[in-house]
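The structure under discussion appears below in the form of C-alpha cells.
Protein chains in written order, with our numbering: chain X, 1 to 270; chain L, 271 to 596.
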C-alpha cells in the first residue's frame, strides 16, 4: 500500500485514475464469476461429480510434475544464460521466450508435428513403443512447453542480479563452486526463482490450447481443469462457473503461499 | 481458447463513397421527380429507375452454422451475395451446441442452421426463434479411418500375424479393414463430445452396433475403451484422423469429402439398419438486425440453387420440411 500511495503522489490524479480503472477492469469479471457462483443452489453439487475430481487430480498431478521438470532443467540453463554472452547463447536466449508469444494452439500443432505419431520424432518414438498424443505425458509436454519460459526468464534475471564479485570472493575464500551456488547465489536469487515458479505454475495449470491439440480431451486421462470447464460449458454455464471458481481459489492459494515465502525469503536475504 | 471455425467474410459492397453519393443523389432526384416521397433517405436499389421493384434485402447478415456445413455454407454465402449484392454475409461455424450456448447468452445472429433438432429446439424454447424452423438437409454418420493405418492393419491381417477376429461384421474382400477391426485393442478412436450433435449421433450408432449380432456382445465396450479424445466439433475429429494422430473417428459422411481429408482417410459406411440420419433445421432468429436478408437466405438455401450446392458437398435433400425430427 505504501508503494501505491507514493506512486500516486508522483503521478497525481492520472496515477490514481488508472489504478482505479485497471482494478475495476480486472476485478469486475472475477467478481461476476463469484456472484454467479454464489447465486447457485447446486454449487457444491457441481463440484463433487467424479469427472470434476478426476480433472482436479489430473491438473494438480500434471502441473506439479511439469513445474518440477521446469525447475530441474530450467535452473542450470538459466544460470548459463545469465552468465554467458556468446552469440549462439544469445540466439538461444531469444528462442527460449518464443512459446510466450506463440498462440497456444500453434504450440499444440507444433508439438504434434514434432512429437506426434506422424511427427519428426514419431517413427523413432513408435520404434520404442511410445505414442505420446492423447496421454497424460502429452499434457505434461504441453505444460512444460508453454510454462518453462516464464521460469527461465525470471531465474535468469535473478542470477544476473547476483554480482559476480560475490561469487568470486566466496571461491577465493576456499568455498567450493557448488557450496557457493547453494549458500550464496541461490539465496540471493531466491525471490526471483520463486516468482518464476509461481508464474510458470499458473501458466501450466491454466494451459488449454496446446493441451487440447496435442493431448486431446478425455475425462480421467487428459482432461485437465481448463478442458473440463470448456466441456462443461457445452451443456451448463453453472457447472462451468463452479469449476472456474474452484480453479480460481486454488490458483489464488498457491500464489498467496508463494508470495508469503518470497516476502520472507526476500527480507531475510537482504 | 477459440477452437471454433470463426470465418468472416468481408462485405461485398462494390461501390465506393463516390458511387454511394451518386446513387443517393440519383435516388433523391428520382423520388422528387416521381413525387412519391417515401420518407427514407436510404438510396434506392440499383435499377430503381425502371419503376416498380420489390424491396431488395440489404445490410449485413450473420449466420450461425454447424461446423459440418463449413464448405457448403461458404459457397452458399458467395452464391447468395451474387443474387443479393446489397447483402453481405458473415458466418460463424462451430459445433451446434456451442452456437446454441452463444445464442442463449446474447450473441446476435439472423439465421441459425443446426446439425440437430435438440439444439434448435433449445434455442426456440429460449424464445429466440422467429417463425418455424424447417429441415433443409440430411446427413449420415460414418467412421473415418486413416488410410495409412488401414493399409498397415490390412498388411498385418494378410500376413496372419494379427489374431483372427472372433466375430466379423461382413466379410467383403479377404483381409479388408471392416468396422469390426475398430474394436481391436490399441486402435485410437476420437469422437465428438456427447453434447455435440455428431457426438450424440455417434453414441446412438455405437449403441446400436453393440446390440447387433453382426458385431458381438462386447463390441461396444471394446470400441469405447479405444476412445482417446472427445473433440468439440466434427471438423476437429476429421482433422485428427486426417493427420494420423488418431486412427479412426466418427464424423458425417460429408466430412470425408473435402480433398485434404479425402486423400488421407477411408470412409467406412455403417449398415443402414444400424445408422441414424442427421436432420438439419434452419430458422430465422428474433434478434436479427435485418429480418429480410435472413428470410431471403433461408429461401435461398431451400431453393433449387441452394439445394444443388448442398448436394455438391454431399448432403441429401430433406425428407419433408416438417418441423420437429421426423
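From the three backbone atoms N, C-alpha and C, an ideal C-beta is built for every residue, glycine too. Predicted model, so just to flag it, every value in this text is computed and none were measured.
Exercise for the section: For residue 123 (chain X), count neighbouring Cβ atoms within 10 angstroms of its own Cβ and tell me buried if that reaches 16, exposed if not. Expected result: Classification of residue 123 (chain X): exposed, given that the 10 Å Cβ count is below 16.
(message) Please confirm whether residue 121 (chain X) has its beta-carbon closer than 8 angstroms to some beta-carbon of chain L.
(response) No, residue 121 (chain X) does not count as interfacial toward chain L.
DSSP beta-bridge partners for residue 94 (chain X)? Answer is none; residue 94 (chain X) lacks a bridge partner.
Of the residues that make up the segment 500-522 of chain L, which ones have a beta carbon closer than 8 angstroms to any beta carbon in chain X? Interface annotation for the segment 500-522 of chain L against chain X: 500, 501, 502, 510, 513, 514, 515 and 516, criterion Cβ-Cβ distance under 8 angstroms.
Practice problem: Taking C-beta pairs closer than 9 angstroms, name the residues in chain X that residue 498 (chain L) reaches, listed in chain order. | Solution: Ordered by position in chain X, the residues that pass the 9 angstroms Cβ test against residue 498 (chain L) are 133, 134, 135, 216, 218, 221 and 222.
Any chain C beta carbon closer than 8 angstroms to residue 463 (chain L) = The chain labelled as chain C is not found among the protein chains of the depicted structure, namely X and L.
Measuring straight from C-alpha to C-alpha, what distance separates residue 328 (chain L) and residue 574 (chain L)? Counting only the Cα atoms, residue 574 (chain L) lies some 22 angstroms from residue 328 (chain L).
* To do: Could you say which of L:343, L:522 and L:417 lies nearest to residue 470 (chain L) if we only look at CA atoms?
  => Ranking L:343, L:522 and L:417 by Cα distance to residue 470 (chain L) puts L:522 first.
Query raised in the report: Under 8 angstroms between C-beta atoms, does residue 531 (chain L) make it to chain X?
Result: Not one chain X Cβ lies under 8 angstroms of residue 531 (chain L).
Starting from the beta carbon of residue 271 (chain X), find every residue of chain L whose beta carbon is closer than 8 angstroms, and list them in chain order.
Here chain X comprises residues numbered 1 to 270, so residue 271 (chain X) is not present and cannot be evaluated.
### Query
Would the beta-carbon of residue 548 (chain L) fall within 8 angstroms of that of residue 364 (chain L)?
No Cβ-Cβ contact shorter than 8 angstroms links residue 548 (chain L) with residue 364 (chain L).
Item to complete: My understanding is that residue 404 (chain L) touches residue 373 (chain L), with C-beta atoms under 8 angstroms, so please give their C-beta distance in whole angstroms.
Response: The beta-carbon separation of residue 404 (chain L) and residue 373 (chain L), rounded to 18 angstroms, does not stay under the 8 angstroms limit for a contact.
- Item | Closest by C-alpha distance to residue 524 (chain L), when choosing among L:378, L:409 and L:379 | Out of L:378, L:409 and L:379, L:409 has the C-alpha closest to the C-alpha of residue 524 (chain L).
**Q.** Anticipated Cβ contact below 8 angstroms, residue 200 (chain X) with residue 92 (chain X), distance rounded
**A.** Beta-carbon to beta-carbon, residue 200 (chain X) and residue 92 (chain X) are separated by about 18 angstroms, too far to satisfy the 8 angstroms threshold.
Worksheet item: Using the C-alpha atoms, what's the distance from residue 188 (chain X) back to residue 494 (chain L)?
Response: Roughly 54 angstroms separates the two Cα atoms.
Alpha-carbon spacing of residue 247 (chain X) relative to residue 367 (chain L), whole angstroms:
Pairing residue 247 (chain X) with residue 367 (chain L), the inter-Cα distance amounts to about 24 angstroms.
Going along the chain, which residues of its own chain have a beta-carbon closer than 8 angstroms to the beta-carbon of residue 126 (chain X), five neighbours each way excluded?
-> Cβ contact annotation for residue 126 (chain X) (same chain, cutoff 8 angstroms, sequence separation greater than five): 117, in chain order.
Query - Residues from the segment 228-255 of chain X in contact with chain L, defined by Cβ distance under 9 angstroms - result: For the segment 228-255 of chain X, which is checked against every Cβ of chain L, the residues closer than 9 angstroms are 230, 231, 233, 234, 235 and 237.
**Prompt:** So is residue 458 (chain L) in contact with chain X if we call contact Cβ pairs under 8 angstroms?
**Reply:** Closer than 8 angstroms to the CB of residue 458 (chain L) there is at least one CB belonging to chain X.
Is it buried or exposed, residue 20 (chain X), if we count other Cβ atoms within 10 angstroms and call 16 or more buried? Per the 10 Å Cβ criterion, exposed.
Worksheet item: Where do the N-terminal and C-terminal ends of the beta strand (DSSP E) with residue 501 (chain L) fall, by residue?
Response: In this chain, the beta strand (DSSP E) harbouring residue 501 (chain L) covers 497-501.
With distances taken Cα to Cα, identify the nearest neighbour of residue 510 (chain L) among L:530, L:578 and L:473. Scanning L:530, L:578 and L:473 for the CA closest to the CA of residue 510 (chain L) turns up L:530.
Complete beta strand (DSSP E) runs within the segment 360-440 of chain L (minimum length 3 residues, chain order):
The segment 360-440 of chain L is shown to contain whole beta strand (DSSP E) runs of 3 or more residues at 381-383, 399-409 and 411-416, in chain order.
task = Hey, could you find the ends of the alpha helix (DSSP H) residue 583 (chain L) is sitting in?
result = Per DSSP, residue 583 (chain L) belongs to no alpha helix (DSSP H) and is neither H nor E.
**Request:** Determine the DSSP secondary structure at residue 262 (chain X), reduced to helix, strand or coil.
**Result:** Residue 262 (chain X): helix per DSSP, three-state reduction.
So with CB distances below 9 angstroms, who are the chain L contacts of residue 125 (chain X)?
Simply none; closest approach about 13 angstroms.
Can you list, in chain order, the residues of its chain whose CB lies under 8 angstroms from that of residue 114 (chain X), leaving out five sequence neighbours each side?
By the criterion of a C-beta distance shorter than 8 angstroms, residue 114 (chain X) is surrounded in its chain by 120 and 121, once the five residues flanking it on both sides are discounted.
Between which two residues does the beta strand (DSSP E) holding residue 332 (chain L) run? Bounds of the beta strand (DSSP E) holding residue 332 (chain L) are 329-336.
For this session: Would you please verify whether the beta carbon of residue 143 (chain X) is less than 8 angstroms from any beta carbon of chain L?
Result: No, because no Cβ of chain L sits closer than 8 angstroms to the Cβ of residue 143 (chain X).
(message) If we define contact as Cβ-Cβ less than 8 angstroms, is residue 306 (chain X) a contact residue for chain L?
(response) This structure gives no information on residue 306 (chain X), because the portion of chain X shown stretches from 1 to 270.
Mind reading off the beta-carbon distance from residue 218 (chain X) to residue 500 (chain L)? Whole number of angstroms is fine, and I expect it under 8 angstroms.
-> Indeed they touch by this definition, with Cβ atoms about 6 angstroms apart.
* Hey, residue 390 (chain L) and residue 579 (chain L): beta-carbon distance below 8 angstroms or not? -> Between residue 390 (chain L) and residue 579 (chain L), the C-beta gap is not smaller than 8 angstroms, which leaves the two residues out of contact.
Review point. Alpha carbon to alpha carbon, how far is residue 484 (chain L) from residue 38 (chain X)?
Key: When rounded, the distance between both Cα atoms is 52 angstroms.
Original post:
Residues of chain L with a CB under 9 angstroms from the CB of residue 116 (chain X): which are they?
Top reply: The answer, in chain order, is 513, 514 and 515.
For this session: Out of X:68, X:221 and X:22, point me to the one whose CA is closest to residue 496 (chain L)'s CA.
Result: Comparing Cα positions, the closest option is X:221.
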